[in-house]
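662 is the number that our numbering gives to position 204 of the sequence shown; each next residue is one higher, with no gaps.
Glycine is no exception: its CB is placed at the ideal position from the N, C-alpha and C atoms.
Predicted model, so just to flag it, every value in this text is computed and none were measured.
One structure is given below, encoded as structure tokens.
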Amino acid sequence: MSRQINAARSMKKVIQNLIVHIFLAITGFIWVLPIFFVILTSFRAEKGTYTSYIFPKNYTLNNYHKLFSQAGSLVFTKWFMNTLLVAIASCLISAFFVLSISYVLSRLRFKMRKKLMNIALILGMFPGFMSMIAVYYILKGLGLLENGPFKLFALVLVYSAGSCLGFYIAKGFFDTIPKTIDEAAYIDGATKFQVFKKITIPLSKPIIVNTLLTSFMAPWVDYIFAKVILGQDRQYYTIAIGLWTMLQKEFIQYYYTTFFAGCVIISIPIAILFLYAQRFYVDGMSGAVKG
Numbered sequence: 459m460s461r462q463i464n465a466a467r468s469m470k471k472v473i474q475n476l477i478v479h480i481f482l483a484i485t486g487f488i489w490v491l492p493i494f495f496v497i498l499t500s501f502r503a504e505k506g507t508y509t510s511y512i513f514p515k516n517y518t519l520n521n522y523h524k525l526f527s528q529a530g531s532l533v534f535t536k537w538f539m540n541t542l543l544v545a546i547a548s549c550l551i552s553a554f555f556v557l558s559i560s561y562v563l564s565r566l567r568f569k570m571r572k573k574l575m576n577i578a579l580i581l582g583m584f585p586g587f588m589s590m591i592a593v594y595y596i597l598k599g600l601g602l603l604e605n606g607p608f609k610l611f612a613l614v615l616v617y618s619a620g621s622c623l624g625f626y627i628a629k630g631f632f633d634t635i636p637k638t639i640d641e642a643a644y645i646d647g648a649t650k651f652q653v654f655k656k657i658t659i660p661l662s663k664p665i666i667v668n669t670l671l672t673s674f675m676a677p678w679v680d681y682i683f684a685k686v687i688l689g690q691d692r693q694y695y696t697i698a699i700g701l702w703t704m705l706q707k708e709f710i711q712y713y714y715t716t717f718f719a720g721c722v723i724i725s726i727p728i729a730i731l732f733l734y735a736q737r738f739y740v741d742g743m744s745g746a747v748k749g
């Protein structure tokens, strides 16, 4: 009797695992399908926006060549370098801001600390583009929207300043580091900055990588703020705006497949970063949950 019960339980567990794996396989296929379509279309030789078939009848690398040919109004290389410059600068400044604020709120105790954290939490609930018009006029009043290089600098300021509200994850990670380590360093004569620089930062590699990745992603994929600040100055466009121009009515028939080639190109740096930093990224998120 007990064997039959164990066999029934074992069979039930096998069926449950099978159902779960089938569901995950279907979900994974649905998730990968758009990526597969983008890659296929980037190699499609047929022009136009619509075909009645999924797999291209002819394949070509001309779509990728057209991206870097700098023909007409398409300056993809310039857009790529603009985005890379803004993303790297925003990434480094944002990481410094977020880690500094997170450390102060995690380790130091002062008046209004909890109230400031609550205010930041409430402000973080509102989407950033709600302040878009106010930010635009502030930057215009400062004279940062007069020419292209200043516009890129203004874009870095926008992304960096807005990152400070995302300190909660880093703070949660710092909370997991025992305070006894800091106290031992203070006894040995270390200052707060020395503790932050020589003890906390070396122990916080996962959250540093996590902060760098999230700070790098925002400029790389943002369209709304970049379009408002950069305006019509096409040579200073970021990738998101540049690719969007390919889908405008007057360009879409000619640049449709080139647009997909551009999507593949810009996904490569992000994919490399995530593959390289995946372990640190997961450790950073788990540390924040524990805190």
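For this session: Compute the distance between the beta-carbons of Leu670 and Cys549, then report whether it is under 7 angstroms.
Result: A contact, by the Cβ cut-off of 7 angstroms.
Problem set entry | Beta-carbon proximity list for Lys748, same chain, < 7 angstroms, skipping 5 on both sides | The predicted position of Lys748 is uncertain, since its pLDDT is 44 and thus under 50; a value taken from the coordinates is nonetheless stated next. Only Thr634 meet the Cβ criterion.
Problem set entry | Limits of the alpha helix (DSSP H) - the one that Tyr626 falls within | Counting along the chain, Tyr626 sits inside the alpha helix (DSSP H) bounded by residues Tyr626 to Asp633.
For this session: Spatial neighbours of Trp537 within its chain, please: CB distance less than 7 angstroms, with the 5 preceding and 5 following residues excluded, ordered by chain position.
Result: Same-chain partners within the cutoff: Tyr695, Thr696, Ile697 and Gly700.
Exercise. What whole-angstrom Cβ distance do Ile559 and Phe632 have, given they're in contact under 8 angstroms?
Worked result: The distance from the Cβ of Ile559 to that of Phe632 is about 10 angstroms, inconsistent with a contact at the 8 angstroms cut-off.
Exercise. Of the choices Gly689, Lys505 and Thr658, whose alpha-carbon is the least far from that of Pro607?
Worked result: When only C-alpha atoms are compared, the closest one is Gly689.
Exercise. Cβ of Leu525 within 7 angstroms of Cβ of Ala719?
Worked result: Closer than 7 angstroms, so yes.
For this session: Look at Ser552 and Ser662 and say whether their C-beta atoms are less than 7 angstroms apart.
Result: Cβ atoms of Ser552 and Ser662: not closer than 7 angstroms.
Exercise. For the alpha helix (DSSP H) that Val562 lies in, which residues bound it at each end?
Worked result: In this chain, the alpha helix (DSSP H) harbouring Val562 covers Phe534 to Arg565.
Exercise. Which residue or residues does DSSP assign as beta-bridge partners of Tyr517?
Worked result: Bridge partners of Tyr517 according to DSSP: Arg502.
Exercise. Does the distance from the C-beta atom of Thr649 to that of Asn521 stay below 7 angstroms?
Worked result: One thing to note: Thr649 has its Cβ no nearer than 7 angstroms to the Cβ of Asn521.
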